[in-house]
Amino acid sequence: MEYLDNLVKDSCILCPRECKVNRNLHNGLCKTRNKLEIASYNLHFGEEPPISGKNGSGAIFFAGCNLSCVYCQNYPISQLKSAYRTISTEELADIMIKLQKRGAHNINLVTPTHFVHLICSAIEIAKDKGLSIPIVYNTSSYDKEDIIYYLKDYVDIYLADLKYSDNNLAKRFSGVSNYVETAKKAIIAMFKTKGDLIVNRDGIAQRGVIIRHLVLPKSIDNTKNVLKWIHTNFPNACLSLMSQYFPAYKAEKFNDIKSRLNKKEWSTVLDMLDNLHISNGFIQEAY
């Protein structure tokens with residue numbers, strides 16, 4: 001744990017933004033300090049079937065985010081922090097145990113990157129108390145490669161976004177200019193440490209990686225290149241392709257993303273899947 005703690009100690013370089021803020025005193029670019037902040041926790045049934053299953057995923061929603069996506073679907077939690085509470089690592093461990101007792105298939109850490117050092121401490125405490133279900137790291141993939149390798153003994157499953165193949169879009173819509181190379185390195189590390197998705201006889205994920213991609217309107221080339229990269233590098237990857245984009249938060253200020261994805265764009269994306277022979281995963285349609 002000393003390795004992660006040192007990345008936050010006086011000048012935070014925990015995430016790829018490396019804002020170097022003393023989070024003991026001030027908010028970093030993630031909008032948080034060096035204390036765990038959660039918005040909510042509960043059994044969640046809206047994830048992919050291997051994650052939610054019949055009993056639900058034990059989702060813990062962390063406040064703040066190291067990205068600043070103008071279309072964030074969870075913006076009250078991630079960007080505005082409109083409702084949250086500060087908890088200790090011991091309290092987080094107890095929440096994990098409560099969710100396990102309620103029958104959760106896993107512990108689903110939603111937007112964990114900026115608290116990863118504290119989360120690892122909580123996982124150690126929870127395991128000492130009997131936590132035995134898989135840990136899901138639900139991330140934008142804007143994570144440091146070396147931290148993903150560090151997490152090999154803490155995380156079982158990655159639910160990993162690959163938002164962009166174009167850094168111009170990443171800068172414009174999410175506020176970072178190095179998303180593409182950073183996320184790709186992180187995802188490669190995820191596959192190296194956990195491999196393709198493995199499910200039990202009930203279809204519940206036990207280990208591995210699911211790559212998520214939300215298709216943005218008027219950005220079909222972005223999606224095309226994301227799919228090509230996944231197919232070339234991880235031909236057996238489990239892909240979750242999503243069409244349910246909604247112009248939330250500040251999206252109305254951007255002409256290209258101020259409306260929903262149209263049916264023609266979605267049809268074009270589905271044709272791409274066929275042409276690349278990508279069939280392993282889930283298609284989440286809004287039509």
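Using our numbering, the final residue of the sequence shown is 287, and nothing's skipped along the way. Backbone N, C-alpha and C define an ideal beta-carbon position, used for all residues, glycine too.
Burial state of residue i (16 or more Cβ within 10 Å)
i    : result
N262 : exposed
S82  : exposed
R17  : buried
D10  : exposed
Q86  : Contrary to the premise, residue 86 reads as Thr rather than Gln in this sequence. Classification of T86: exposed, given that the 10 Å Cβ count is below 16.
H44  : buried
E48  : buried
E145 : buried
M96  : buried
Q100 : buried
N222 : buried
Of the listed residues the options, nearest to residue i (C-alpha basis)
i    : options                   : result
I133 : N66, G58, N178 and K152   : G58
L151 : L239, I119, D161 and F282 : I119
L80  : K194, E90, Y249 and S88   : Y249
I240 : K253, S88 and N280        : In the sequence as presented, Ile is not what sits at residue 240; that position holds Ser. Measuring from the Cα of S240, the nearest candidate turns out to be N280.
R33  : S121, C19, S40 and W229   : C19
Y71  : D271, T182 and P247       : P247
S40  : Y84, S78 and A183         : Y84
Nearest-angstrom Cα separation, counted from residue j out to residue i
i    : j    : result
I220 : E265 : 7 Å
G103 : I125 : 19 Å
E37  : I123 : 16 Å
R172 : K218 : 14 Å
E91  : K98  : 10 Å
I187 : S141 : 7 Å
N167 : V8   : 27 Å
Y75  : Y245 : 14 Å
N106 : D256 : 37 Å
N178 : A170 : 8 Å
N121 : K129 : For the sequence presented, residue 121 should be read as Ser rather than Asn. Their backbone Cα atoms lie some 13 Å apart in a straight line.
S88  : D274 : 48 Å
S52  : G28  : 32 Å
Assumed close pair residue i, residue j - CB separation to whole angstroms, cut-off 8 Å
i    : j    : result
A237 : I211 : 6 Å
N55  : C15  : About 32 Å separates the two Cβ atoms, so there is no contact after all.
I157 : R207 : 6 Å
A205 : P50  : 4 Å
L131 : I60  : No, L131 and I60 are not in contact; Cβ-Cβ is about 13 Å, not under 8 Å.
I278 : L227 : 7 Å
Within 8 Å, strictly: CB atoms of residue i and residue j
i    : j    : result
V136 : V215 : no
L276 : H231 : yes
V176 : I147 : no
G64  : H26  : no
A189 : Y149 : yes
T139 : F62  : no
K163 : S174 : yes
F191 : V180 : no
K224 : M272 : yes
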